[in-house]
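Here the protein sequences come in this chain order: E and H. Counted the way this note's numbering counts, the first sequence spans residues 1 to 295. Counted the way this note's numbering counts, the second sequence spans residues 1001 to 1421. Beta carbons are placed, not taken as given, at the ideal position from N, Cα and C, and that holds for glycine. Down below is the structure, laid out as structure tokens.
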Amino acid sequence: MYKRLSIRQKQITWAWAFLAIPVIFYVVIRFYPTGNAMLISFQEWNLLGDRAWIGLANYAKLWNDPVFWQVFRNTFVYLLLGTPISLVLSFFVAYHLDKIRFMHGFIRMLYFLPFMTSAVAMAWVWRWLYQPVPIGLFNNTLAEFGIPQIDFLRSTTNALPAILAPAVWAGLGFQIIIFMAGLRAIPQSYYEAAHIDGVSKWTVLFEITIPLLRPTVVFLTVFSSIGFLRIFDQVYNMTTNDPGGPLNSTKPMVLMIYQSAFTDFEMGYAAAQTVVLFVILLLVSLLQLYLLRDR
Amino acid sequence: MCFNRFRAIALATATGTLATFSTETNAVEIEYWQYFFDARVTAMEQLIEKFETANPGITVRMTHFPYADYRTKVAAAIPSGEGPDVVQLFYGWLNDYKAASLIQPLPSSEFPSDSIDAAFFPMVSAMREGDSYWALPTAVRSLALFYNTRLFKDAGIEGPPETLDELVEIGRKLTKRDGAGNIIQAGLTLGMTAQDHHWFREGLVRQFGGEPYLDDYRTVNYNSEAGLKAMEFYLGLGAEDGIGAFGFMDEPQAAFKAGRAGMHIDGSFRIGSLNKTRGLKWGVTELPATADGIRSNYSSYWVNAITSKADGEKYDAAVRFMQYITSDEAMQIWLDVVGELPAKPSVGLTEANANDQIFGPFIRGLEYANTTKFVNESAQRQIMIDLVERVNLQGVSIKDALAEAAAAEQKLLDEYHTSKN
């Protein structure tokens, strides 16, 4: 039968034969669990007993749970502070780093290093830096100069920014590299033309550099937004004794999902939260692609 | 795990050459599961070795997992006919395991409930339902007051506090502050994140004349006059002129280990890690009593149970294994290797154990200990953490914060019990 196929058909058969491996992998590792999670979100299950069908009860519980709304708000604070701050900072660094030649590679490496460091290790070091006297570096320094202590992590208002800061810092290296690649891709001739016309540096920045960086900005915005919406490691490791605390002020959605699933063993409730998070991620990504599309 | 299997094989070969071959052919193999904790695994290896020597027809294979995966693996394995014949679980999980039919009651012929009631410390009765026991512990844990002998000596303090008043008085002598009033050495560590929530529930509330829960732990009752007094006392320890600070050195046990805190309330499971801390000189004493000498303590434990998977000769072997690991001999081994306390007075209150410098205070604490029947320990602990933070960070009055916590915990208990019925 194989012999009777045309060359084109044979090629297609082989293509599918090879594609089958990643397709099966994706179906088993990605799509099946995703589908299963959606199913569990309509059920009650504590990991031990049978699953019971409870309709939309998990979603109703979510809607009426004040902690969920607090967590929802926190997640967007991480996103709305984290993404713009990290983009502006990394562009600023990349723009200036691109102009220097002296020790360029070394400085770039310094910026990239935090990105390669384990988030867990980093979170624990920052957690230590933030401690009150007598062990916290920041507060010890403040105390040296007679300045009152700042409660970094033990405060409902300061804790979230304090956790966000190392997360932004850690992601910076990657964004700088991508921005520099984008900058290098802009044809030099535009700058030469601008130079001959004698336009100011600001005009060059806003009329040439930034518009031509649009694809880079789109990519980084979507990429870092997804990262901040899924923030977990930093928060969990900096607040392990009271995860997401104090008083839920730093708890992001992923941490709430984790706690519902693996400390409360409410798998259905956790699954309902993952479905909500999935929808949010989808909407935010689509919205960004729409707003930043090429006109 | 590979290494254990290798050891098991090596052991089997060694015993095989000594024993006759007929016993080898009849051998029943049962499987035992526990979560991974170095000393517990070592202790269990010793118990298995002794058990196998005494019961030549039975071999026991131990499997252990990281704590985080434990419940998931047990839940997945037993219904599919795999996994353990005897399993270790936290006492607070018993209801969930029972409801999911993962375990079966112990046979009353070998484990008559009345003689168990008589033989074990009273809090173990939480494992009894009607005429049968569902599970039994090898070891139990309780709380005590650790103190730093070097700091005590430097401050010229004779000995550890006996009463709550002395606790405050000694704590004050040990507390040091910098020029701005920040604590740089605490008298007593404070934090609901560690063991203090147990100290409050089963210790302070009862000592101030209250009863933390009613109706077999189905009704929250610490939102009472006694509860309020207990919470005011506790939070007072961390107030401006107090003897400690919440969040000091990140976590209570860290402050004590670093020699920055004079006293620290913790469980018997902390002994091992304190022993490994270089340069730390410490002692331990019973939790302080009230002025009238009332004491109260909290106890928790891990139990072993026979799973619903075990039947036939494996069931008989599992019963014999359960009998061995709840025997006096097993408890003494567990105490020596793991440092967890014997679950029976006959082992715990021997002259040597009850007067042991380190284990003594914990073991004596068992006599007046209560075991909270948690429905979700981490969620109930979180309520206590939030209570303290509402008072300290948001300026809510202690009375209101306590009422809010009690309501939140009652809701949690109600949700659990209605879903079970």
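With fewer than three CB-CB distances shorter than 8 Å, the stretch 194-201 of chain E does not count as touching the stretch 234-252 of chain E. Rounded to whole angstroms, the separation of the alpha carbons of residue 1194 of chain H and residue 113 of chain E is 35 Å.
Residue burial annotation: residue 1268 of chain H is buried, with at least 16 other C-beta atoms found within 10 angstroms of its C-beta. Within the stretch 79-122 of chain E, the runs of alpha helix (DSSP H) at least 4 residues long that lie entirely inside it are, in chain order, 104-116.
With the criterion set as a beta carbon lying under 7 Å from some beta carbon of chain E, the members of the stretch 1178-1199 of chain H are 1178, 1180, 1182, 1184, 1193, in sequence order. Under the criterion of beta carbons closer than 8 Å, residue 37 of chain E and residue 43 of chain E do not qualify as touching, at roughly 11 Å. At the C-beta level, residue 1163 of chain H and residue 1290 of chain H come within 8 Å of one another.
Comparing C-alpha distances from residue 1056 of chain H to each of H:1082, H:1091, H:1040, H:1029 shows the shortest one belongs to H:1029. Neighbours of residue 1376 of chain H in chain E, taken as residues at a C-beta separation under 9 Å, are given in chain order as 263, 264, 265.
Under the DSSP assignment, residue 267 of chain E falls outside any beta strand (DSSP E), being part of the alpha helix (DSSP H) whose first and last residues are 267-291. Restricting attention to H:1103, H:1343, H:1399, the CA atom closest to the CA of residue 1311 of chain H is found in H:1103. Listed by position along chain H, the residues whose Cβ is nearer than 7 Å to that of residue 250 of chain E form an empty set, because the closest Cβ is around 12 Å away.
Annotated three-state conformation of residue 52 of chain E is strand, per DSSP.
One finds 241 in chain E with Cβ atoms closer than 8 Å to the Cβ of residue 1251 of chain H, taken in chain order. DSSP places residue 149 of chain E in the coil class of the three-state scheme, outside both helix and strand.
Looking at the backbone, the Cα of residue 138 of chain E and that of residue 256 of chain E are separated by about 29 Å.
Burial is judged here by how many other beta carbons sit within 10 angstroms of a residue's own beta carbon; residue 101 of chain E has fewer than 16 and is exposed.
In terms of beta-carbon proximity, residue 143 of chain E lines the interface with chain H, with at least one pair separated by less than 8 Å. Taking 3 residues as the shortest admissible run, the stretch 1349-1384 of chain H contains no complete beta strand (DSSP E) segment at all. Boundaries of the beta strand (DSSP E) harbouring residue 1034 of chain H: 1028-1035, taken from the DSSP string. Nearest to residue 1419 of chain H by C-alpha distance, out of H:1336, H:1068, H:1081, H:1099, is H:1099.
Contact of residue 1097 of chain H with chain E is assigned, a C-beta pair being separated by under 8 Å. For residue 199 of chain E, no alpha helix (DSSP H) encloses it, and the DSSP letter there is neither H nor E.
Taking residue 1240 of chain H as reference, the option from H:1220, H:1200, H:1175, H:1296 with the minimal CA-CA separation is H:1175.
For residue 33 of chain E, there is no enclosing beta strand (DSSP E); the residue is part of the alpha helix (DSSP H) that begins and ends at 32-40. A Cβ-Cβ separation of about 6 Å places residue 1146 of chain H in contact with residue 1266 of chain H under the 8 Å criterion.
Between residue 84 of chain E and residue 166 of chain E, the alpha-carbon positions lie close to 15 Å from each other. Boundaries for residue 1334 of chain H: no beta strand (DSSP E) harbours it, while the alpha helix (DSSP H) harbouring it runs 1328-1337, taken from the DSSP string. Scanning H:1284, H:1036, H:1109, H:1052 for the CA closest to the CA of residue 1362 of chain H turns up H:1284. Straight across, the Cα-Cα distance linking residue 238 of chain E with residue 245 of chain E is about 10 Å. If only complete runs of 4 or more residues are kept, the stretch 1087-1142 of chain H shows the alpha helix (DSSP H) at 1094-1099, 1113-1119, in order along the chain. Proximity of the stretch 52-66 of chain E to the stretch 136-151 of chain E falls short of the contact definition, fewer than three beta-carbon pairs being nearer than 8 Å. DSSP links residue 1176 of chain H through a beta bridge to H:1185. Counting C-beta pairs with one atom in each stretch, the stretch 1056-1069 of chain H and the stretch 1089-1096 of chain H have fewer than three that are closer than 8 Å, which means they do not touch. Counted as a single uninterrupted DSSP element, the alpha helix (DSSP H) harbouring residue 1149 of chain H occupies residues 1149-1154. A distance below 7 Å between beta-carbons, with the five flanking residues on each side excluded, links residue 1358 of chain H to the following residues of its chain, in chain order: 1271, 1284.
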